[in-house]
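The structure under discussion appears below in the form of structure tokens.
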Amino acid sequence: MATSEKINVYSEITPEIRALAEQTAKADLIDSTLYTALNVKRGLRDLNGKGVLAGLTNISEVRAKKVVDGREEPDYGHLFYRGYSIESLIGGIREEKRFGFEEVCYLLLFGELPSREELESFSRQLVFYRSLPKNFVRDVVMKAPSGDMMNMLARSVLTLYSYDDHADDVSLPNVLRQCMQLISLFPMLSIYGYQANSYYNSSESLFIHQPLQDGSLAENLLHILRPDGRYTELEARILDICLILHMDHGGGNNSTFTTHVVSSTMTDTYSTMAAALGSLKGPRHGGANIKVVDMFEDMKAELRDWQDDDEVRRYLDRLLNREAFDRAGLIYGVGHAVYSLSDPRAVILKAFVDQLATVKGRHREFELYDRVERLAPAVIAGERQMYKGVSVNVDFYSGFVYQMLGLPKELFTPIFAIARIVGWSAHRMEELANNSKIIRPAYTTVIPDREYVPMGSRCKK
């Protein structure tokens with residue numbers, strides 16, 4: 000390559016790199032029949048979607064099977080936090096007309112529901128930790144704004160390591176202190192990062208509000224996001240419910256399993272949470288609700304009559320046949336690795352979506368979502384071989400909720416992280432408390448042994 004050629008070495012793919020990538024793809028290709036022959040559980044799951052048992056946990060449980068006559072059969076989905084069903088937790092919070100994030104956070108971290116006095120003390124601690132190091136926003140967030148909020152969040156988390164005099168101490172009291180700080184700081188790190196990027200890269204006005212010194216995390220989040228700092232009680236309560244639903248989902252989901260894997264090396268909390276963020280960022284995990292929203296935008300533009308079942312069904316067929324939207328062959332937000340008949344989080348959220356859509360004047364769109372939820376399982380069953388049932392998951396509705404709350408798409412996945420940091424923290428402490436072994440699964444090598452070939456005897460492939 001001539002030295003006079005000017006390329007961006009951080010983003011341009013040269014012909015040499017492209018050729019080497021093709022060589023890598025050829026070298027790495029594995030005969031797919033070997034996975035079955037050697038009984039490899041791809042994705043650590045069997046054909047029925049059941050995960051390989053890799054550990055034990057007291058924190059949460061995802062239940063989607065029932066035993067009938069000694070055989071497992073699909074069942075409506077259930078989610079439990081420390082033994083309490085998510086329906087009972089949210090039902091109690093709704094009945095008492097209060098915010099629940101802090102209460103459920105306490106439950107996941109410490110194993111029991113708090114008394115009024117314990118909850119008030121814990122909430123004060125979380126508010127106390129709503130403060131970034133002096134000049135952190137100016138020197139870290141504002142100096143190098145990023146268009147990707149998850150990368151910005153991970154970078155900010157790793158930078159906080161430098162401000163912690165006990166960053167590498169993995170004793171439980173110190174890890175708890177670090178986790179509680181990060182739970183409180185994730186909203187500021189996410190939203191300040193978004194505001195900085197909007198200002199520098201999109202020429203929008205800059206709003207950096209001081210955090211509230213009281214109130215729930217959901218209220219604080221809306222306060223620091225909105226230019227006028229205002230929000231309605233309904234908006235804050237629905238966001239609070241969303242955060243509770245996303246807090247944890249068993250030890251086997253990708254980002255939580257990442258937390259266990261990285262924690263088992265005895266590394267620091269900041270590195271662990273940055274790794275979990277990297278996992279959650281992927282569109283197969285935390286980024287799915289953005290795909291759902293984009294898919295519906297395309298659908299609304301393509302359909303002449305949103306209330307025509309046949310027209311909606313034809314669009315869904317086109318999605319599966321790679322003829323519509325991103326041509327990936329997927330109906331986003333439909334299907335789950337564990338749930339088959341229903342995702343309890345989606346069932347709970349749907350009732351709030353209906354209420355919010357009415358208030359926001361978007362009930363016609365809600366009806367389209369409802370129609371797709373009803374039609375999609377049958378459309379998929381008609382096109383694909385099914386090993387279990389299929390239903391909508393929480394991502395199907397969460398993006399629509401965030402849209403109606405005025406949250407920019409760039410913050411959809413960080414909102415997920417703001418909730419899931421609670422589960423990651425609980426699982427990190429569980430891993431450390433049990434002093435488990437380093438997690439190291441096995442891979443079988445399928446390439447034969449070869450003899451070394453001297454340089455002069457090698458041929459160019």
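Number 36 in numbering that gives the first Met the number 0 belongs to position 37 of the sequence shown; there are no gaps in the numbering.
Beta carbons are placed, not taken as given, at the ideal position from N, Cα and C, and that holds for glycine.
- If you draw a straight line from the Cα of VAL67 to the Cα of ASP342, it is about 21 angstroms long.
- In terms of Cα proximity to SER435, the closest of VAL260, GLU409, ALA350 is VAL260.
- When Cβ pairs closer than 8 angstroms are counted between the two stretches, the region 225-240 is seen not to touch the region 50-64, the count staying below three.
- Under the three-state reduction of DSSP, GLY91 is assigned to helix.
- Secondary structure remark: continuous alpha helix (DSSP H) runs of at least 4 residues inside the region 20-74, in chain order: 32-36.
- A distance below 8 angstroms separates the beta carbons of TYR230 and GLU218.
- Going by C-alpha positions, CYS241 is about 14 angstroms away from PRO186.
- In the DSSP assignment, ILE420 falls within the alpha helix (DSSP H) that extends over 411-432.
- About 7 angstroms separates the CB atoms of LEU329 and LEU318; that is less than 8 angstroms, so the two are in contact.
- Here LEU78 is bridged, per DSSP, to VAL61.
- Rounded to the nearest angstrom, the gap between the Cα atoms of CYS104 and ARG81 is 11 angstroms.
- Residues of the same chain with their beta carbon placed closer than 6 angstroms to that of ALA36 are lacking, with the five preceding and five following residues left out of the count.
- Of the other Cβ atoms in all chains shown, 16 or more fall within 10 Å of the Cβ of ARG344; this residue is therefore buried.
- Assignment of TYR105 by DSSP, reduced to helix, strand and coil, places it in the helix class.
- Every alpha helix (DSSP H) stretch that sits fully inside the region 269-354 and reaches 4 residues is listed by chain position as 287-301, 308-319.
- Assignment of beta-bridge partners to SER84 by DSSP yields PHE79.
- In terms of Cβ geometry, GLY250 and HIS426 form a close pair [threshold 8 angstroms].
- For the 8 angstroms CB-CB criterion, LEU279 and SER262 do not form a contact.
- Boundaries of the alpha helix (DSSP H) around GLU116: 115-127.
- The Cβ atoms of ALA166 and ASP239 lie no closer than 8 angstroms to each other.
- VAL378 is positioned such that its CB atom lies no closer than 8 angstroms to that of ARG326.
- Excluding its 5 nearest sequence neighbours in each direction, CYS178 has C-beta neighbours in its own chain below 6 angstroms: SER424, listed in chain order.
- Three or more beta-carbon pairs separated by less than 8 angstroms are not found between the region 135-154 and the region 101-121, which leaves the two stretches without contact.
- Membership of GLU234 in the alpha helix (DSSP H) is indicated by the continuous run 232-244.
- Looking at LEU106, ALA275, TYR269, the one whose alpha-carbon comes closest to that of SER122 is LEU106.
- Between the C-alpha atoms of HIS248 and GLY69 there is a straight-line separation of about 27 angstroms.
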